[in-house]
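First comes the structure, then the notes that go with it.
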Amino acid sequence: MSLTTVDVLIVGAGPAGLMCAYSLSQAGLHVRIIDKKTERLQKGQGDVLQTRGLEIIDSLGLSSQILQEAQRCVHTATYASSPASNGEISLVSRKSVVQGVDSNMVFMGLYAQSSVEGILRQVLASGRKHIPSATFVPESQPLSPSRKVEVEQGVFPVEMKVTDDGDGYPVTACLQHPDGKKETVKAKYLLGCDGAHSWVRTQLGIEMVGETSDQVWGVVDAYIDTDFPDVRALTVFDNNGRHAVLIPRENDMVRFTIQVSESDVSVNSETGRIDRTKIGVERILQLVKGLMKPYRVDFKRVDWSGVYVIGQRLASRYQDQSKRIFILGDACHTHSPHAGQGMNAAISDAHNLSWKLVHVLKGWGAPELLHTYESERRDFAVKLIELHERIAEVMSGKVKGTSSDLMIKSVKFVWPFSTLDLCNSDNMYKIIVLTGDAKDTTRREKLEEVGKTLKQWRLQRPNMFQVYTIMATKKENGNYTDVPDTLRPYWDTVFLDDISYAEHEGGGKAYQSFGVGPEGCLVLVRPDGHVAALASLEESQILQALCSVKIPLGFYSNKDSQFKAPSIKTAQFHAPHMVMGISPPLMSTEVAPLLPTLSEQPKQSAWLRIKKFTNEAKTLVKSAIPVLGAQILEYSLILVSAVSLGHVSTEALAASSLSSITATVTGLSVVHGFASALDSLLPQAWTSDHPENVGLWAQRMVIVMLINTLPITAIWLNAENILLRLGQEEKIAHLAGLYLGWFTLTLPGLIIGVVTRRYLQAQGIMHAQTIVMVFIAPANLFLNWLLVWGPPAFRLGFIGAPIASSISFTLSAAIYVGYACVFVPKKAWHPIGRQSFRGLGTLYSLGLSGTGQIATEWWSWEFLGLMSSRFGATSLAAQSVLLVSASVAFQTPYSLGVSVAVRVGNLLGSGDSRKAKVAAETGIGLSIITALTMRYTPFLSLFIVDGVTAVTDGVLRATGRLGLGAMVNITAYYCIGIPLGLYLAFWKGLELQGLWIRITAAIFYAASASVYAVSRTSWQKEVENASQRLKRGQRDQISEP
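With the sequence shown counted from 1, adding 157 to any position gets you the numbering used here.
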């Protein structure tokens, strides 16, 4: 098998892959691009280039042929029928397609994706330099020579891995060629641009979150003869609820996209795939003709047709843990085609990542620069999908709205900036110096200092920066030499802000439009045309720090700067040596500069909110069901013990109940409290850059909890004396002490089991607990029968129950560990070593917070049991049976709480605050729905209300706010519940009934307070808190925020 090396291996030759290959090869990098298809795309797919896409293509030197051949669309139209129109459409409105867009591309380019790809393939194969420098570059500063690149058709990867073997090429891919031969390629980076069914994404285990809608659409590209007046406009139709879009295309072609009824197609509900044999092109043409009435449409020739279902999905992350493999385009986001953003989003993804790869590979930027790709582009995709959902609602007729308005908004959506014609995408930073009046002698010294600094940068990295100077000087008085020679490296880099000699070309309002006063300012523009920073002339060190190799981020915000960022509009100015107009960038201090903040964000309809709730509910319920089954089976271990001892005697059942209370207060609450602290760490770590910390923290927690067993064991071995001092009956205290003495054998297995269970749950492996309990539950039943009631040779009587429990928990721990070792990939595992014993003190303090949240409620319930015993053995036994029965019902919301804790933690770890909020709210909603379904069983519904608290406690654990949960429970049970219960039970003589009334009040307060706390959560802040916890964990300094 042959072996080759490349800088970047690109998988997939669609718009994203070809754009990356083009940009990287133009910078002189060694690139290979492969595509599984044996032939390139000839027809169909995307056909709209929005303003932003056109600007990117123009900055890359590719616009001349595309703009010459593309159909330029400058307005949209809407046609609709009315109840009285008898199925005939009429004009509703016409609007400009570029309303509110600052750009020199005041139109949409309607051009086939296959043609765009064809142009990219031609320039790649030519090897010529197509991205010229924006200004003169002397021979002493040559640009990197471009490389010739051929797309390798029919070649695809069959294996991929990342290893750190020190050769500088950590990515290894095995490629298979059409002739069956295999080749090993080692690369510095690999880009997955292989579409919606991405092989690269699948290999990385990246989840696509979203769903396929029930909307089916037919599409046809054709040449037509028609009397329709707006055939050259992007037109939206609504004829009696059937929607369609007309897109004018190049060479007098048009595309019709029309809604198809369910009766016309057959869709597999599980796969979402369409049976295309159910509808042909003739049916699509028939639907179009019917919708266009009273206008005539004759189809002269059909070029291409297809049928599709709308799918809106977003990848959970855009890169692998090593930051060496990235996914782009449809591989990381898919959406409705109605807004015409698919090809544009792919181009923008490639444009964003390519220049960062160039800077990192050439040593101009640190590898951390690549981390900004996901943060910038994923946020874009989230908002883009939200916009598409709104468009899909309007197009489906489920909400009212004007489709053309949304089409216009989709143009505005992807165009936050205009770029300077000078700012070509040549991988260089552009520094724009707005000098003010350069003839003002008082400014000369300041400009000299700025120029001196910039000159040093250019000498250090001549191919990384370009400087442009704009003077606020009248053209009659302005001279090229008015600025220091350090600010005019070449004669064509100095400009004046004044009216052009040809006045119709405009100009003269740049500073005014920019909002920049006579003091001037410095502007740093990224290689992809976005503004990275603004600073006063006195703050040139800000730009120097930003452009340093040691500070790799693509955007800088100086909070201490005295310079107030102006609100800059598009303006024109001209060069003193020639008559010309230039459109500068629209500048912004937006931290995520790839997106505008829409002034008219569409509100989500009730239908969309229900849809999101339903989707999230499916995810939570799916993971909660196996937990519920396991919880019920695990609770049966306690129930079986109580039932088996209940048949021995009333005293034995009372002693068992008292033992359970004592064990819970002094030991089990501590074990589960410390384990619950892992909900603040493990799920976030799993979706972070360091998933191996899941195993590391699990190891540390086992060590901490095994240390805790020392005082717990001491208490349990002396339980009889302790209970006698607390006033318990002598016989019951003796039996309880005997029970707890044997129950100490449970602790090691219990600790290892609960930690391993959370280790698996953090990775989304919920079914393991069910598998273990399916085996352990019947085994425990058999052991209780054998050791309590079995043959004389095995019968141990009363002590047989705790021994059976000890054996069962030890067996379950062994099965958990075995399952994790055999069936679970080692991605989350950290080798046991010295690090496993570090940071135990800080992890111990975090565990105490978890104990505070769990134990305060548990202790309150056990206090109820202790008080019940004051009314005699019968009351205590009744309380035990009552509590066990109710606790079984409680397992449903508790399981949901576990699911919510893991889900929210995973989402916070991946930085998705929006989804985390939805998951938390959906979990609370599901618990309330469950409570309502129990309205016919008032007693059990009390525990379901407590289940709301179980869910919110899961959210608080996931967000690291265990202390807040503890305070809610302390207030509910110790400030309200216990005082009220004591008053009613003893002072008012209500006894057991009084104790249950106090529990009711405490439960409702805890549920209300915890719901309020979750509703006030700042989810973006919690993402930052989760990141800080993980970073502190890396330094073994874990603490509660």
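Note that beta-carbon positions come from the ideal geometry of N, C-alpha and C, so glycine has one too.
Those residues which DSSP pairs with Gln-310 across a bridge: Asp-192, per the DSSP bridge assignment.
What's the C-alpha gap between Gly-955 and Phe-939? Before going further, note that residue 955 is Phe rather than Gly in the sequence given. The alpha-carbon of Phe-955 is positioned some 15 Å away from that of Phe-939.
For Gln-841 versus Gly-1004, is the C-beta spacing smaller than 8 Å? No, Cβ-Cβ distance for Gln-841 and Gly-1004 is not below 8 Å.
Secondary structure, beta strand (DSSP E): runs of 3+ residues fully inside the region 448-535: Taking only runs of at least 3 residues, the beta strand (DSSP E) segments lying wholly in the region 448-535 are 454-472 and 482-484.
Comparing alpha-carbon positions, which option in Gly-463, Pro-848, Asn-875 and Pro-1136 lies nearest Lys-983? Minimum Cα distance to Lys-983 is reached at Pro-848.
On a CA-only basis, which of Ala-1012, Asn-408 and Ala-893 is nearest Ala-1200? Give me that one, please. Given that the chain is displayed from residue 158 to residue 1198, the structure contains no residue 1200 and the question cannot be resolved.
Alpha carbon to alpha carbon, what distance is there between Tyr-625 and Arg-645? Roughly 8 Å between the two C-alpha positions.
Judging by CA-CA distance, which residue of Ile-482, Leu-518, Ser-1172 and Ile-246 is the nearest neighbour of Asp-395? For the residues Ile-482, Leu-518, Ser-1172 and Ile-246, the minimum Cα distance to Asp-395 belongs to Ile-246.
Of the residues Leu-485, Gly-398, Asp-382 and Asp-387, which one's Cα is nearest the Cα of Arg-458? If we check each option's Cα against that of Arg-458, Asp-382 comes out closest.
Going by DSSP, what residue range makes up the beta strand (DSSP E) through Gly-323? Element bounds for Gly-323: n/a, residue is neither H nor E.
For Val-376, which residues from the same chain have a beta carbon less than 6 Å from its beta carbon, with the 5 sequence-adjacent residues on both sides left out? Counting only Cβ-Cβ distances below 6 Å, and skipping sequence neighbours, we find Thr-414 and Gly-463.
So does the region 1108-1119 actually touch the region 1047-1063, counting three or more Cβ pairs closer than 8 Å? Between the region 1108-1119 and the region 1047-1063, the count of Cβ pairs shorter than 8 Å is three or higher; the stretches touch.
What are the residues that DSSP puts in a beta bridge with Ser-159? According to DSSP, Ser-159 shares a beta bridge with Glu-340.
Look at the alpha carbon of Thr-913 and the alpha carbon of Ala-855, and state the distance between them as a whole number of angstroms. Straight-line spacing of the CA atoms in Thr-913 and Ala-855 works out to 7 Å.
Assumed close pair Cys-350, Leu-224 - CB separation to whole angstroms, cut-off 8 Å: Not really, about 25 Å apart at Cβ, beyond 8 Å.
Return helix, strand or coil for Gly-367, following the three-state DSSP convention. Three-state DSSP puts Gly-367 in a strand.
Backbone secondary structure at Ala-178 - three-state DSSP: In the three-state reduction of the DSSP assignment, Ala-178 falls in the helix class.
Roughly how many angstroms separate the alpha carbons of Leu-147 and Gln-279, rounded to a whole number? Outside the shown range of the chain (158 to 1198) lies residue 147, about which nothing can therefore be said.
Use the C-beta contact count for Phe-966: other C-beta atoms within 10 angstroms, 16 or more gives buried, fewer gives exposed. Around the beta carbon of Phe-966, 16 or more other beta carbons sit within 10 angstroms, so the residue counts as buried.
Counting beta carbon pairs with one atom in the region 893-907 and one in the region 815-824, are three or more of them shorter than 8 Å? Contact check between the region 815-824 and the region 893-907: three or more CB pairs, one atom from each, fall below 8 Å, which counts as touching.
If Gly-910 and Ser-969 are in contact, beta carbons under 8 Å, what's the gap, nearest whole angstrom? Indeed they touch by this definition, with Cβ atoms about 5 Å apart.
Roughly how many angstroms separate the alpha carbons of Asn-941 and Pro-783, rounded to a whole number? Cα-Cα distance, rounded: 25 Å.
When we look at the beta-carbon of Val-445 and count the other beta-carbons within 10 Å, is it buried (16 or more) or exposed? For Val-445, the number of other beta carbons within 10 angstroms of its own is at least 16, and it is reported as buried.
At the level of alpha carbons, what is the spacing between Trp-374 and Arg-683? Trp-374 and Arg-683: Cα-Cα distance of roughly 40 Å.
Tell me, please, which residues DSSP counts as bridged to Gly-375. Answer is Ile-415 and Val-464, bridged to Gly-375.
Leaving aside the five residues before and after Ile-482 along the sequence, list all residues of the same chain whose C-beta is less than 8 Å from its C-beta, in chain order. Contacts found: Met-317, Val-319, Val-328, Tyr-346, Leu-347, Leu-348, Gly-349, Val-357, Leu-361 and Gln-476.
Please confirm whether Arg-304 and His-187 have their CB atoms less than 8 Å apart. Yes. Within cutoff.
Within its chain, find whatever has a CB closer than 8 Å to the CB of Asp-594; leave out the 5 residues flanking it on each side and keep chain order. The beta carbon of Asp-594 sits closer than 8 Å to the beta carbons of Arg-600, Met-628, Ala-629, Thr-630 and Pro-675 from its chain, once the five residues preceding and following it are set aside; these are given in chain order.
Secondary structure at Val-168, three-state DSSP: helix, strand or coil? Strand at Val-168.
Taking the straight line between their C-alpha atoms, what separation do you get for Ala-1204 and Asp-215? This structure gives no information on residue 1204, because the portion of the chain shown stretches from 158 to 1198.
Hey, would you say Thr-1109 sits closer than 8 Å to Ile-1085, going by beta carbons? Cβ distance not < 8 Å, so Thr-1109 and Ile-1085 don't count as in contact.
How close, in whole Å, do the beta carbons of Ile-908 and Val-859 come, if the pair is a contact with beta carbons under 8 Å? Correct: roughly 6 Å between the Cβ atoms.
Assign Phe-951 to one of three DSSP states: helix, strand, or coil. If DSSP states are grouped into helix, strand and coil, Phe-951 belongs with coil.
Would you kindly check if the distance between the Cβ of Thr-1049 and the Cβ of Gly-830 is under 8 Å? Between Gly-830 and Thr-1049, the C-beta gap is not smaller than 8 Å, which leaves the two residues out of contact.
Bridge partners for Glu-316 per DSSP, in chain order? Its beta-bridge partners are Cys-331.
What number of angstroms, rounded off, separates the C-alpha of Arg-406 from the C-alpha of Ala-269? Spanning the two alpha carbons is a distance of roughly 8 Å.
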